[in-house]
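Heads up, the sequence shown is in the numbering used here, so the first residue is 57 and it goes up one at a time. Following: one structure in structure tokens, then a few remarks.
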Amino acid sequence: MQGFGASQTALLGHQQQWLAELARYVARFPDEADCAALFHDFVTRHADAAQRELAHGHLTGSAWLVNADGTHVLLTHHRKLNRWLQLGGHADGDADLARVALREAEEESGLGDLVVEPASFDLDRHLIPAHGSEPAHWHYDTRFVVHAMGSEAFAVSDESHALAWRKIAEVARDEGIDESVRRMARKWLRR
């Protein structure tokens, strides 16, 4: 595998953009290079990585959606996975994962006046269990900080059992919450 930031001239433009963002991510979070290498390998091999139809795995975009003063994060009690997680979803062919995260945050929360930071905040590769006729597959999830700049009055979508604003300091310590969500809380608190 070529190093992060190495020339990838045979790749399509959106693949090169993904790889450039991965290189910037590793520069900010060098201790997460192993996870980033999984993403690097995946997007290098799959020009269609943003397509949900790529059955064994695909890119997704998620939002670490914080309130205006940065003390709370909006979490969803995910309907299919039955766990408290960050908002997010499938790219559905959109190569701009920051835009995906913003779209998903708007759709799943009903909030307006949201602003996304363009740099990726967290990476997580996780296995989604088989559901109905859909086989188990990998989500290569890129997470972005999204700021709620206006009202914090959310609306629960069909994808959630519930939504809740949670204190980030409490999320960081809550062993009942997914480890990747706790990791994001710890990253946020170190900023």
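The beta carbon of each residue, even a glycine, is placed where N, CA and C say it ideally should be. In this text the structure is predicted, and so the values were computed from the model without any measurement.
Residue i - DSSP class collapsed to helix/strand/coil
i      : result
Pro86  : helix
Ala204 : strand
Leu76  : Correcting the residue type first, residue 76 is Ala in the shown sequence and not Leu. It is helical.
Glu160 : helix
Arg181 : strand
Leu137 : coil
Thr198 : strand
Ala186 : coil
Val227 : helix
Thr127 : coil
Ala93  : helix
Leu67  : coil
Ala154 : helix
Val99  : helix
Ser165 : helix
First through last residue of the alpha helix (DSSP H) which encompasses residue i
i      : result
Ser118 : Careful: Ser118 lies outside any alpha helix (DSSP H), inside the beta strand (DSSP E) at Gly113 to Val122.
Ala241 : Glu235 to Arg246
Ala284 : Outside the modelled stretch of the chain, which goes from 57 to 247, sits residue 284, for which no answer is possible.
Identity of the residue in the options nearest residue i by Cα
i      : options                           : result
Glu162 : Leu179, His195 and Val202         : Val202
Thr127 : Arg238, Ala93 and Glu226          : Glu226
Leu158 : Arg222, Ala119, Cys91 and Val237  : Ala119
Gln142 : Ala151, Asp125, Asp148 and Thr116 : Thr116
Glu77  : Leu121, Phe200, Gly232 and Arg135 : Phe200
Asp104 : Asp125, His146 and Tyr81          : His146
Arg101 : Asp125, Leu67 and Ser189          : Leu67
Arg155 : Arg135, Ser176, Leu137 and Lys136 : Ser176
Leu137 : Ala83, Gly188 and Val172          : Gly188
Trp221 : Glu231, Leu121, Lys243 and Ile233 : Leu121
Arg181 : Asp125, Glu235 and Ala79          : Glu235
Rounded Cβ spacing between residue i and residue j (contact assumed at less than 8 Å)
i      : j      : result
Phe98  : Gly113 : 7 Å
Ala111 : Pro185 : About 14 Å separates the two Cβ atoms, so there is no contact after all.
Leu153 : Thr198 : 5 Å
Leu179 : Ala92  : 6 Å
Gly144 : Glu160 : 5 Å
Same chain only: Cβ atoms within 6 Å of residue i, ignoring 5 sequence neighbours per side
i      : result
Asp169 : Met205 and Gly206
Glu208 : Asn123
Trp74  : Val99
Ala241 : Ile224, Val227 and Ala228
Spatial neighbours of residue i in its chain, beta-carbon cut-off 7 Å, leaving aside the 5 residues before and after
i      : result
His133 : Trp140, Ser216, His217 and Ala218
Phe210 : Leu130, Ser165, Gly166, Leu167 and Leu219
Run of the beta strand (DSSP E) containing residue i, from where it starts to where it stops
i      : result
Gly145 : Trp140 to His146
Contacting residues, own chain, Cβ-Cβ under 8 Å from residue i (five flanking each side not counted)
i      : result
Leu245 : Ile224, Ala225 and Ala228
Ala151 : His70, Gln73, Trp74 and Ala106
His193 : Ala111, His112, Gly113, His114, Leu183 and Ile184
Arg135 : Asp214, Glu215, Ser216 and His217
is_contact[residue i, chain C] using C-beta, thresh 8 Å
i      : result
Phe200 : The structure shown has no chain C; it contains just one protein chain.
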